[in-house]
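**Q** Just so we're aligned, residue 15 is where the sequence shown starts under this note's numbering, counting upward by one.
The beta carbon of each residue, even a glycine, is placed where N, CA and C say it ideally should be.
None of the values given here were measured: they were computed from a predicted structure.
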Amino acid sequence: MAQRRTITGFSNPLVKFLRSLRDKKHRKREQRFLVEGLRLLTDARASGKLPEILVMATNRAAHPLLDALEADVAAAGGDVVEMDEAILSKVTGKDNPQAVAGVFPEFDTALTNLDRSKAPIWLVAQAMRDPGNLGTMLRTGDAVGAGGLILLDNCADPFSVEAVRASMGAVFTQGIAQASWDEFLPWLRGDDGQLVAASLRDPCDYRQAAYEAPCFLMVGNESQGLPEAYEDACDLRVTMPMLGRADSLNAAIAAAVLAYEALAHLRTA
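1. When DSSP labels each residue in this structure, what does M142 get in the three-state scheme?
2. Considering Cα atoms alone, identify which of T20, T150, D129, F24 is closest to D205.
3. Contact check, E120 vs F198 under 8 Å by CB: the rounded distance?
4. Whose C-beta lies closer than 7 Å to the C-beta of L214 among residues of the same chain, with five residues either side of it excluded?
5. Under 9 Å between the Cβ atoms of W195 and A160?
6. Give me whichever residues DSSP pairs with F118 in a beta bridge.
7. In angstroms with no decimal places, state the Cα-to-Cα distance between A184 and F230.
8. Does the separation of the CB atoms of R18 and V94 fall below 9 Å?
9. Which term fits T282, buried or exposed, when burial requires 16 or more other beta carbons within 10 angstroms of its beta carbon?
10. Beta-carbon within less than 8 Å of R221's beta-carbon, same chain only, minus the 5 sequence neighbours each way: which residues are those?
11. Kindly provide the ranges of any beta strand (DSSP E) runs that are 3 or more residues long and lie completely inside the stretch 54–107, ordered along the chain.
12. Under the three-state reduction of DSSP, which class applies to N235: helix, strand or coil?
13. With 16 as the cutoff for other CB atoms within 10 Å, does H279 come out buried or exposed?
14. Does R281 come out as helix, strand or coil in the three-state DSSP assignment?
15. Are there 16 or more other CB atoms within 10 angstroms of the CB of A269, so buried, or fewer, so exposed?
16. Determine the closest residue to M97 out of D156, K39, K38, N73, with distance taken between C-alpha atoms.
17. Taking the alpha-carbon of G23 as reference, which of N168, I101, H77 has the nearest alpha-carbon?
18. Please tell me whether P65 and V87 are closer than 9 Å, where the distance is taken between their beta carbons.
19. State the CB to CB distance for the pair Q208 and L240, rounded to an integer number of angstroms; the pair is presumed to be in contact (CB under 8 Å).
20. Flag this pair as yes or no: are the beta carbons of L166 and V210 separated by less than 9 Å?
21. Could you tell me which of R33, P255, G62, T126 sits nearest to L48, measuring between CA atoms?
22. Would DSSP call G149 helix, strand or coil?
23. Do you know how far the Cα of K104 is from the Cα of N26?
24. Report the CB separation of A242 from A265 in whole angstroms; it is logged as a contact under 8 Å.
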């Protein structure tokens with residue numbers, strides 16, 4: 015069993031560091047993010063990623079997955095730390111925190127890291143502000159076998175606790191890139207790639223659209239939608255029928271509906 019160290023004081027510098035990772039400014043400064051819960055940490059391990067720091071509650075229940083995680087972190091030279099539940103609650107900001115958390119280095123999110131030939135579908139979000147929606151899109155991408163999620167302009171932080179939790183581990187399985195529109199469009203047009211927008215401007219029915227791989231499915235800001243110039247640059251604009259009183263779908267749900275429809279078309283093409 016790996017050697018551990020125990021923290022007993024709220025004023026310990028590591029406690030202050032861990033707490034700071036709840037704030038985007040400090041995450042960006044440290045290039046680190048916090049992940050809570052054994053399931054997410056196990057998903058990360060299965061994806062080949064281990065936390066630099068593994069934090070465990072002293073009164074945690076024994077679990078073989080946690081034992082394996084601890085052994086791997088220690089073998090990789092990581093830091094294994096115990097603290098009581100009250101201190102861990104301060105770290106996570108929750109009254110009933112998970113019994114385990116980990117600190118990971120943020121991934122390189124440059125567009126140039128993406129291999130568009132890796133998958134037939136990619137998801138693109140423009141100015142998405144809700145971390146829950148962002149995490150849901152990552153989870154959808156994992157479900158449909160997408161290559162990843164490209165975040166355009168001023169999106170929510172994909173490494174926030176809320177986004178990571180909503181991703182259900184997909185933050186570790188999906189490629190993530192962040193770029194401005196002026197960076198993204200030349201990159202996209204530099205090779206094969208069909209850009210499809212969820213739009214109400216002269217669209218075709220999403221079930222009749224001629225999807226082509228690699229297909230980049232783009233949704234806009236939750237309240238504003240996509241800018242007109244972005245829609246004009248797309249190869250296809252598609253819409254989904256709204257049969258009730260609502261005039262639109264949640265952005266992340268719209269992305270999921272489009273992704274499954276595009277997948278069905280590409281599988282039979």
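**A** According to the structure data:
1. Position 128 of the sequence shown, counted from the start, is the residue given in the question as residue 142. Reduced to three states, the DSSP call for M142 is coil.
2. Residue mapping note: residue 205 aligns to position 191 of the sequence shown, counting from 1. The shortest C-alpha separation from D205 is found at D129.
3. Position 106 of the sequence shown, counted from the first residue, corresponds to residue 120. Position 184 of the sequence shown, counted from the first residue, corresponds to residue 198. That belief does not hold up - the Cβ atoms of E120 and F198 are roughly 20 Å apart, past 8 Å.
4. Within the sequence shown, numbered from 1, the residue matching residue 214 stands at position 200. So the list reads T253, once near-sequence residues are dropped.
5. As a working mapping, residue 195 is identified with position 181 in the sequence shown. As a working mapping, residue 160 is identified with position 146 in the sequence shown. In this structure, A160 does not lie closer than 9 Å to W195 by Cβ.
6. As a working note, residue 118 is residue 104 in the sequence shown. In DSSP, F118 forms a bridge with F47.
7. Working through the sequence shown from its first residue, we reach residue 184 at position 170. Working through the sequence shown from its first residue, we reach residue 230 at position 216. Looking at the two C-alpha atoms, the distance is approximately 18 Å.
8. By 1-based counting over the sequence shown, the position of residue 18 is 4. By 1-based counting over the sequence shown, the position of residue 94 is 80. Contact: yes.
9. To locate residue 282, count along the sequence shown from 1; it is residue 268. Flag for T282 reads exposed.
10. Counting from one through the sequence shown, the residue named residue 221 turns up at place 207. Once the five neighbours on either side are set aside, the close Cβ partners of R221 are E275.
11. 67–71, 93–97
12. As a working note, residue 235 is residue 221 in the sequence shown. Correct three-state label for N235: strand.
13. The residue given as residue 279 occupies position 265 in the sequence shown. Result: buried.
14. For the purposes of this step, residue 281 is taken as residue 267 along the sequence shown, with counting starting at 1. R281 falls in the helix class under three-state DSSP.
15. For the purposes of this step, residue 269 is taken as the residue at position 255 of the sequence shown. Buried is the call here.
16. Position 83 of the sequence shown holds residue 97. Closest by alpha carbon: N73.
17. In the sequence shown, counting from the first residue as 1, residue 23 sits at position 9. It is I101 whose Cα lies nearest to the Cα of G23.
18. Taking the sequence shown and counting its residues from 1, the one referred to as residue 65 is at position 51. Taking the sequence shown and counting its residues from 1, the one referred to as residue 87 is at position 73. Contact: yes.
19. To locate residue 208, count along the sequence shown from 1; it is residue 194. To locate residue 240, count along the sequence shown from 1; it is residue 226. Not really, about 16 Å apart at Cβ, beyond 8 Å.
20. Looking up residue 166 in the sequence shown gives position 152. Looking up residue 210 in the sequence shown gives position 196. Cβ atoms of L166 and V210: not closer than 9 Å.
21. Here the question's residue 48 lines up with position 34 in the sequence shown. Among R33, P255, G62, T126, the Cα nearest to that of L48 is on R33.
22. Residue 149 sits at position 135 when you count from the first residue of the sequence shown. Correct three-state label for G149: helix.
23. On the sequence shown, residue 26 is found 12 positions in, with the first residue counted as 1. On the sequence shown, residue 104 is found 90 positions in, with the first residue counted as 1. Going from the Cα of N26 to the Cα of K104 covers about 12 Å.
24. Here residue 242 is taken as the residue at index 228 of the sequence shown, counted from 1. Here residue 265 is taken as the residue at index 251 of the sequence shown, counted from 1. One detail in the question is off: residue 242 reads as Glu in this sequence, not Ala. In fact, because the Cβ distance is near 17 Å, the residues do not count as touching under 8 Å.
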